[in-house]
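Letter 94 of the sequence shown, counting from 1, is numbered 94 in UniProt numbering, and no numbers are missing.
All residues carry an ideal CB built from backbone N, CA and C; glycine is no exception.
Just so we're clear, the structure is a prediction, and the values are computed from it rather than from any experiment.
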Amino acid sequence: MGSTVSVLAYDGMTAFEAGIVIEVFGLVWPDIDLPWYELKVCTETPDPIRVIGGATMSSPYGLADFAAADTVVVPSVADPRAATSPELIAALRQAHRNGARIVSICSGAFALAAAGLLDGRRATTHWRYADLLRERYPAVVVDAEPLYTDDGDILTSAGCAAGLDLALHLVRTDMGASVANAVARRLVIQPHRTGGQAQYIESPMPPEPLDDPVGRSLAWAAEHIHEPLGVADLARVAGLSQRTYLRHFVRSTGTTPSKWLTTQRIQAALAMLETSDAPVEEIATAVGFATAVTFRHHFAKALHTSPSAYRNTFRTAQSKSPSPA
């Protein structure tokens, strides 16, 4: 069995965010031949808790089990304005002393902040609660833009479905991009979303990829990621001026073409690092970076490690097996 993950269940919960943790870390994936996580759903008291919609649930695991896990997760709280219980604060602090990885989803960041674990750290939450978190906990560096933040031992996600992005990021960190991509395929979601929360604040959903100029350009760029693409190339495929294209691109994706291209190139490089013996310089060229130096710079900025170190950590068994004679 792999590392242990605990998730808090509380009275009045919606079960969606906790369900993300249960689905990703509690379900044994038959097509992934690796030791998986051991999940425990934990409650503050032995009493049954009520879930929105009328259901009730109980668990044999309490806060002691919650604090003892390798990764502890606090999903969205029922009321971010309500005080966090002293018992939960104590459990979070104990987990931190134990060296656990502390994770919040949506408004669960308020519990981490109440325990003092976010002081001086960059953190996010649902965009509706960002100002409240900033007001109540001024020592926290609140960033309402990203889908999630990773400060090593403390990770926070934006609202609701951003918890899926963070869960996949944790799997990717622990087991590599290939495994995270396999989980994403089973969940029928993108393995890595670009952009931030801004694209979801009071704005319409972007059209289907092939039904609009920006979508067509993204599909084309994904097939030509090895080429030295720029805004001019994407705008040409979209049939728009660069200025108009840039405006539509940011509105549709929440990020810039340059950042989007860099993210796609790094994602393509991850699979090559995991499954091939190609030199870093060759991989850099294959995914469209001008030089290996540029590749290493962007890779380190995104993943906080080097391509070589990533390869050493996440080489798959297939890449290590001897080639046929």
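The shortest CA-to-CA distance from Pro213 to any of Thr124, Arg236, Val5 is the one to Arg236. The alpha-carbon separation between Leu246 and Val293 amounts to approximately 27 Å. Lys40 sits buried, since 16 or more C-beta atoms from the chains shown fall within 10 Å of its C-beta. A contact between stretches requires three or more CB pairs, one per stretch, nearer than 8 Å, and the stretch 161-171 fails this requirement with the stretch 253-265. Counting only runs of 4 or more residues that sit fully inside the stretch 126-167, the alpha helix (DSSP H) segments are 130-136, in chain order. Ser58 is classed as exposed because its beta carbon has fewer than 16 other beta carbons within 10 Å across all chains shown. CA-to-CA, the gap between Val21 and Ser252 works out to about 28 Å. The straight-line gap separating the alpha-carbon atoms of Val231 and Thr125 is approximately 32 Å.
Annotation: the continuous alpha helix (DSSP H) that includes Leu246 extends over 242-253. For Arg216, the closest of Gly239, Leu132, Ala271 by C-alpha to C-alpha distance is Gly239. Ranked by Cα distance from Ala158, the options Asn181, Arg122, Val51 are led by Arg122.
The three-state secondary structure of Arg50, taken from DSSP, is strand. Beta-bridge analysis with DSSP links Met57 to Ile49. Spanning the alpha carbons of Leu34 and Gln242 requires a straight line of approximately 46 Å. Rounded to the nearest angstrom, the gap between the Cα atoms of Ala177 and Trp29 is 15 Å. DSSP places Arg265 in the helix class (H, G or I) of the three-state scheme. DSSP places Ala9 outside any alpha helix (DSSP H); the residue lies instead in the beta strand (DSSP E), whose first and last residues are 4-9. In the three-state reduction of the DSSP assignment, Arg97 falls in the helix class.
Between the beta-carbon of Arg50 and that of Thr56 there is about 6 Å, and that keeps the pair under the 8 Å contact cut.
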